[in-house]
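For reference, the structure discussed in these notes is given below.
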Amino acid sequence: MCGIVGYIGNRDAYPILVKGLKRLEYRGYDSAGIALRNDSTQVYKCKGKVADLESHASGSDITGKIGIGHTRWATHGEPNNENAHPHKSMNGKFTIIHNGIIENYSLLKKKLGKRGYKFESDTDTEVLANLIEYIYRKGDVTAELAVRLALTKVVGAYGLVVICEDTPHQIIAARKGSPLVIGVGNGEYFLASDATPIVEYTQSVIYLNDNDVAIISEDELVLKTIYNDKLTPHIQNLELDIDQIEKGGYEHFMLKEIFEQTTSIHDTIRGRISVQKGEVFLGGIQDIIPNVVDARRIIIIACGTSWHAGLVGEYLFEDLARIPVEVEYASEFRYRNPIIYKDDIVLAISQSGETADTLAAIKLAKKSGATVLGICNVVGASIPRETHAGVYTHAGPEIGVASTKAFTAQVSVLAMMAMLVGRKKDCLSEEKYINLINEFYKLPEKIKSILEQDNYIKELSAKYVESPNAMYLGRGYLFPVALEGALKLKEISYIHAEGYPAAEMKHGPIALIDEHMPVFIAATKDKSYEKIVSNIQEVKARKGNVIAIVTEGDTVIKEMADYVVEIPETCEELAPLLTVIPFQLISYYIAVLRGCNVDQPRNLAKSVTVE
Ligand code: G6P
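The opening residue of the sequence shown carries number 105 in the working numbering; numbering runs sequentially from there.
The following block contains the structure:
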């Protein structure tokens, strides 16, 4: 978490840094800060968002052609002015910004304390600033060497940018575990946690690898490892469009991203599903498909919404490809001494490609000799670089903290993978395979027709704005959708919500149902339809409010439910891709009507790079 930016060149750094930080606020917004280099280094920082920083800095000297900036998601120390980055070392020699966690910071702090160092904040970052300064002042070393030596003493993760008072025309950047991208301009360089702050200035980027250190002046970039091995920078072309990261007339990124699902699903399947040829082709994992076909089982690892997509994947792979699947929270999996066989496929799912637990679980699985695949949205992120092979979701940048289009893109990729493997294994009939291919192509139109009910969904959402609790139910393929619906509501509206398999309701949650409880039920026509109709009756018998997502033309549930949202018919394997959309919109409108900040909900961050 935390977003970092940097600039060195001939332009004024301040506007570039502020704009960049706003683009990175999805990574945390507890505090913001900036350091600008002139004759000395000026630091402006405060609790709150980047807009608060702008007010805080207004009227001050904000000139400078070199600068660094930070937007924070608090780990060590509460969100306040003192704990905001940048941090200066005690004697002011170094100013640093940091994304990640220094795990051995308390030991280092004690040692530095014994040598007379005092600390103004509770952060691990200030400890690192002082460690660099201590090494610098103690020996006859350059700023760069002091940074590299300090990093050899550090346990943990960092994306780090450092300014030293004695080398005023230089920025030093380093990465281990937390992402850092360098944009290469003409006589200028840009640094950021991801490419979104860079895209409007240059399309040439360098993604730092773990243990890389970049020593940057306005006309030169030297890349080496922290152990001083020289590296040749690999400059890549950025596949990102500025329009993709703007709101494009929508009030919130979340709403824009919900509406983008008509095109994002198309982008995910484009070139991969051919109706003419009647085939699915996934170039990124083509060579690995035989391993998947022969796999003993598939272990899916993920967090949050990606974990819910993984649950849909379990149904898909078991149904279409007859491969046993386990879906694991990455954070539990990695600390559990899991049994992983060489002929297992471990499949990591992540929108950002930076989630610390998922990344660590991948490393563990690789050590066990399993084939590790990835499904990721952000091109060039850490997870796709760590896995043996993978498939990008190509949903475009997702900025809203609550994941929407990434979920449908992940489920689409999982469905394509399961179809491909199922066909190769001969457990999916030609007829069903072709039917799924055809259905896939109809999805964008069907999503469009759901989105056209936007006003109606807004009206029904208004009825539940004051509800303190909500329940979400679904069966089979729609059980993970119930979990996802509940997560969407709780994360952006702060209403307590639970998702359950509809039949499990009888084993506890039914006790919660009374006339105040809205129960959102995914109840489209599939093989459990009759059963879910009975579950709806059970809720109504206890005076619960039922809001059901049903197949177009369903009259049975319409008579029983308080509200229905009708969605076009599709096959049950792809139904999660449609049923989730009304749930996304309902959460969005309830949160907006409650006055919540839907794009930046409290305490959350989009990219969780801490464990
Ligand atoms: C955070 C985000 C969620 C996301 C989860 C996993 O909690 O707020 O939206 O689902 O991380 O992130 P990933 O990038 O690995 O999919």
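Built from N, CA and C at the ideal position, the CB exists for glycine as well.
For clarity, every value in this text was computed on a predicted model and none was experimentally measured.
Please go through the same chain and pick out, in chain order, the residues whose beta-carbon is closer than 8 Å to the beta-carbon of residue i, but skip the five residues on each side of it.
i      : result
Ala178 : Gly132, Asp134, Ser135 and Asn187
Ala686 : In the sequence as presented, Ala is not what sits at residue 686; that position holds Pro. Same-chain partners within the cutoff: Ile554, Gln557, Ile561, Ile653, Val669 and Ile671.
Gln641 : Met664
Leu616 : Asn573 and Met575
Lys635 : Arg579, Ala606 and Ala607
Would you kindly check if the distance between the Cβ of residue j and the Cβ of residue i is under 8 Å?
i      : j      : result
Gly478 : Gly494 : yes
Ser597 : Arg706 : no
Thr512 : His492 : no
Gly287 : Thr271 : no
Ile108 : Ile275 : no
Asn185 : Lys149 : yes
His189 : Gly137 : yes
Tyr238 : Ala247 : no
His273 : Leu232 : no
Gly281 : Gly204 : yes
Ile320 : Ala277 : yes
Ile369 : Arg252 : no
Val265 : Ile166 : no
Ala464 : Arg440 : no
Glu677 : Ala519 : yes
Ile661 : Ala607 : no
Asn481 : Ala522 : no
Val384 : Arg376 : yes
Val154 : Glu129 : yes
Asp323 : Gly291 : yes
Asp448 : Arg400 : yes
Tyr581 : Val429 : no
Whose C-beta lies closer than 6 Å to the C-beta of residue i among residues of the same chain, with five residues either side of it excluded?
i      : result
Thr300 : Arg127 and Ile349
Tyr693 : Lys562 and Ser565
Gly526 : Leu424, Ala425 and Leu532
Gly603 : Tyr576, Ala586, Leu587 and Ala590
Lys470 : Val476
Thr366 : Pro548, Ile551 and Lys552
Asp371 : His498
Glu619 : Lys647
Ala601 : Ala574, Ala590, Leu593 and Lys594
Ala709 : Met105, Arg131, Gly132 and Trp177
So residue i is in the alpha helix (DSSP H); what residue range does that whole segment cover?
i      : result
Pro442 : Pro442 -> no alpha helix (DSSP H), and no H or E assigned at all.
Lys635 : Tyr633 to Ala645
Lys351 : Taken as a continuous stretch (DSSP letters only), Lys351 belongs to no alpha helix (DSSP H), as it is neither H nor E.
Lys528 : Lys509 to Lys528
Pro622 : First-last for Pro622: Pro622 to Ala626, but that is the beta strand (DSSP E), not the alpha helix (DSSP H).
Asp316 : Run containing Asp316: none in the alpha helix (DSSP H); it sits in the beta strand (DSSP E), Asp316 to Ser321.
Tyr598 : Note, Tyr598: premise wrong, no alpha helix (DSSP H); not H, not E.
Tyr692 : Ala679 to Leu697
Tyr560 : Asp558 to Ala566
Thr366 : Gln365 to Ile373
Ile487 : Ser486 to Glu490
Between which two residues does the beta strand (DSSP E) containing residue i stretch?
i      : result
Glu534 : Not the beta strand (DSSP E): Glu534 falls in the alpha helix (DSSP H), residues Glu534 to Leu555.
Thr329 : Glu324 to Thr329
His174 : Ile170 to Arg176
Ala278 : Ile275 to Lys280
Phe294 : Tyr293 to Ala296
Met575 : Asn573 to Gly578
Ser308 : Ser308 to Tyr311
Cys531 : Where Cys531 is concerned, there is no enclosing beta strand (DSSP E), given that its DSSP letter is neither H nor E.
Cys480 : Thr475 to Cys480
Please return the same chain residues whose Cβ sits closer than 7 Å to the Cβ of residue i, not counting the five positions on each side in sequence.
i      : result
Asn539 : Cys675
Lys592 : Ala506, Phe687, Gln688 and Ser691
Val483 : Glu343 and Tyr496
Pro283 : Gly263, Ser297, Asp298, Glu458, Ala485 and Ser486
Ser61  : Residue 61 is absent from the model: the chain starts at 105 and stops at 715.
Gly382 : Ile538 and Ile541
Thr145 : Ala139, Thr199, Ile267 and Glu269
His356 : Gly504, Val702 and Asp703
Lys351 : Phe357 and Lys360
Leu420 : Leu518, Ala519, Ala522 and Glu677
What do you reckon, is the C-beta of residue i under 7 Å from a heavy atom of the ligand ADP?
i      : result
Ser321 : With respect to the ligand ADP, the structure shown offers nothing to examine, as its ligands consist of the ligand G6P.
field: Complete runs of the beta strand (DSSP E) confined to the segment 108-161 [at least 3 residues]
entry: Restricted to the segment 108-161, the beta strand (DSSP E) segments that are unbroken, complete and at least 3 residues in length are 135-141 and 145-151, listed in chain order.
- prompt: Residue ranges of each alpha helix (DSSP H) run of no fewer than 4 residues wholly in the segment 193-267, ordered along the chain?
  reply: Counting whole runs of 4 or more residues, the segment 193-267 contains the alpha helix (DSSP H) stretches 209-218, 228-242 and 247-256.
query: Going along the chain, which unbroken runs of the alpha helix (DSSP H) with 4 or more residues stay wholly within the segment 392-470?
result: DSSP runs (the alpha helix (DSSP H)) wholly in the segment 392-470: 393-397, 408-425 and 434-438.
field: Inside the segment 645-673 only - beta strand (DSSP E) runs reaching at least 3 residues
entry: Taken in chain order, the unbroken stretches of beta strand (DSSP E) that lie wholly in the segment 645-673 and span 3 residues or more are 649-655 and 667-671.
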